[in-house]
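Structure, rendered in structure tokens:
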């Protein structure tokens, strides 16, 4: 019995890169037959960007849906591992309703606020059994998305989630829900640091600035860094990534902060990120919206990458961060500007603290969140679920 990992985005985006490509690879090494079908990488022409996947019209979505139908029709009896509930889940769910396949639903974020199925209510009724409404951008009304998610989570062979918040939510509709963090490839993201320039201390944020919630966190980070820059002229901030709102970040850096010690870099290939992180000193992961369900449910992928690279991290005391970081030992947790500034300053002024905290962070990742560790856990989960298929 084969496990087919089905992703909406492509290798460039971490939810598909890690939870489809990497999970499939590590399971294959353990003897399980696996395959990956990425709508972005395998069904779309190469000129389409990752961001385009969230702005497709229904006509293009139907074309991709039909391609997926033809690809998956001959896979009767195999198990679909559906990463996220977006429009790409239509055919796996349809084939399941027809009794041809079972599926496992994988959730690494709470996408109800940002979920895109079909813009047409009738298409949503046909493929998802619920006439979900959407706005002019194609985002499904959160209450309708929640209905679709709970329906298909409940009917899944099992659910795999990346956060404790999602574990609580999904367990209410499916008692075969398992917590498997996103984790990181600790062999690629290692603690082999590159040579630094003098006494320069570099902070870094990496990720995708796709909307208001991330943009607000960037404004918070810029404000904190600028407040310390006047006192510590040897510090730098490197922002690495892309997204629709990254242009706004660049404008703020130029117009408000005059590029003072701040460098906004573009997107690089995922396999080049470990080399980039080897040259920084401190990771920062601000998520200031403490009462936001998406924030509290999301997978802390960038946190794992910083820690695996042996870098001390300052992260907001929210969501999954509090389960990963042992505050003051293998990282810092902070709430609000004052605590962020205090802990950023502690790391600026104490080289030994940076070194010790980074080493402990790396040790935690290797022992708890590496692909090998998580692969064994996922292998056990899928083996258990296969017995029920």
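Numbering (my numbering), first residue to last: 1 to 389. Even for Gly, the Cβ is constructed at its ideal location relative to N, Cα and C. For clarity, every value in this text was computed on a predicted model and none was experimentally measured.
Query - Residue nearest to residue 209 in terms of C-alpha spacing, selected from 121, 167, 13 - result: Closest option to residue 209, judged by alpha-carbon separation, among 121, 167, 13: 13.
Query raised in the report: How would you write the range of the alpha helix (DSSP H) that residue 66 sits in, first residue to last?
Result: Unbroken alpha helix (DSSP H) run through residue 66: 58-72.
Query raised in the report: Within this structure, are the beta carbons of residue 6 and residue 37 separated by less than 8 angstroms?
Result: Taking 8 angstroms as the Cβ cut-off, residue 6 and residue 37 qualify as a contacting pair.
Query raised in the report: Quick check: the stretch 33-48 against the stretch 105-125, are there 3 or more CB pairs under 8 angstroms?
Result: As far as the Cβ criterion goes, the stretch 33-48 does not touch the stretch 105-125, which means the pair count is below three.
Query raised in the report: Three-state secondary structure (DSSP) at residue 358?
Result: In the structure shown, residue 358 sits in a helix (DSSP, three-state: H, G or I).
Query - residue 110 and residue 303 closer than 8 angstroms at C-beta - result: Contact flag unset, no.
Report task. Sort out for me which residues DSSP pairs residue 80 with in a bridge. Result -> Beta-bridge pairing links residue 80 to 4, 103.
Query raised in the report: Terminal residues of the continuous beta strand (DSSP E) containing residue 37?
Result: Residues 34-38.
Query raised in the report: Can you check whether the CB of residue 276 is closer than 8 angstroms to the CB of residue 268?
Result: Yes. Within cutoff.
Requested in this report: Output yes or no for whether 8 angstroms exceeds the beta carbon distance between residue 374 and residue 284.
Outcome: Not closer than 8 angstroms, so no.
Requested in this report: Compute the beta-carbon to beta-carbon distance between residue 32 and residue 389, rounded to the nearest angstrom, for a pair I have assumed lies under 8 angstroms.
Outcome: Actually they are not in contact, since the Cβ atoms of residue 32 and residue 389 sit about 13 angstroms apart, beyond 8 angstroms.
Query - Cβ shell of residue 107 (< 6 angstroms), same chain only, five flanking positions each side left out - result: Cβ neighbours of residue 107 beyond the five flanking positions: 161, 166.
Query raised in the report: Which whole-angstrom value is the C-beta distance of residue 334 and residue 325, which I expect to be below 8 angstroms?
Result: Separation of the CB atoms of residue 334 and residue 325 is rounded to 10 angstroms, and the pair is thereby denied contact status at 8 angstroms.
Query raised in the report: If you draw a straight line from the C-alpha of residue 191 to the C-alpha of residue 278, how long is it?
Result: Residue 191 and residue 278: Cα-Cα distance of roughly 7 angstroms.
Query raised in the report: What alpha helix (DSSP H) runs, 4 residues minimum, are completely inside the stretch 133-184?
Result: Runs of the alpha helix (DSSP H) lying entirely within the stretch 133-184, each at least 4 residues long, are 142-155, 164-171 in chain order.
Report task. Report yes or no: do the stretch 65-84 and the stretch 130-150 share at least 3 C-beta pairs separated by less than 8 angstroms? Result -> As far as the Cβ criterion goes, the stretch 65-84 does not touch the stretch 130-150, which means the pair count is below three.
Query raised in the report: Would you report the Cα separation of residue 273 and residue 99, rounded to the nearest angstrom?
Result: One C-alpha to the other measures close to 42 angstroms.
Query raised in the report: Got a sec? Which residues, its chain only, sit under 6 angstroms from residue 176 by beta carbon, not counting five neighbours each side?
Result: Around residue 176: 158.
Requested in this report: Go ahead and pull the three-state DSSP assignment for residue 116.
Outcome: Three-state result, residue 116: strand.
Query raised in the report: residue 183: buried (16+ other C-beta within 10 angstroms of its C-beta) or exposed?
Result: It counts as buried.
Report task. Drop a sphere of 10 angstroms on the beta-carbon of residue 23, count the other beta-carbons inside from all chains shown, and report buried for 16 or more, exposed for fewer. Result -> Answer is buried; the Cβ neighbour count reaches 16.
Report task. State the Cα-Cα distance for the pair residue 199 and residue 11, rounded to the nearest angstrom. Result -> Their backbone Cα atoms lie some 36 angstroms apart in a straight line.
Requested in this report: Could you tell me which residues DSSP puts in a beta bridge with residue 240?
Outcome: The partner list for residue 240 (beta bridge, DSSP) reads 206, 265.
Report task. Could you please give me the residues that DSSP links to residue 313 through a beta bridge? Result -> According to DSSP, which records beta bridges pairwise, residue 313 is partnered with 283.
Query raised in the report: Are the beta-carbon atoms of residue 369 and residue 142 separated by less than 8 angstroms?
Result: With contacts defined as CB atoms closer than 8 angstroms, residue 369 and residue 142 fail to qualify as a contacting pair.
Requested in this report: Write down the C-beta distance between residue 215 and residue 248 rounded to the nearest angstrom, noting that I regard them as a contact closer than 8 angstroms.
Outcome: Rounded to whole angstroms, the Cβ separation of residue 215 and residue 248 is 6 angstroms, and the two are in contact under 8 angstroms.
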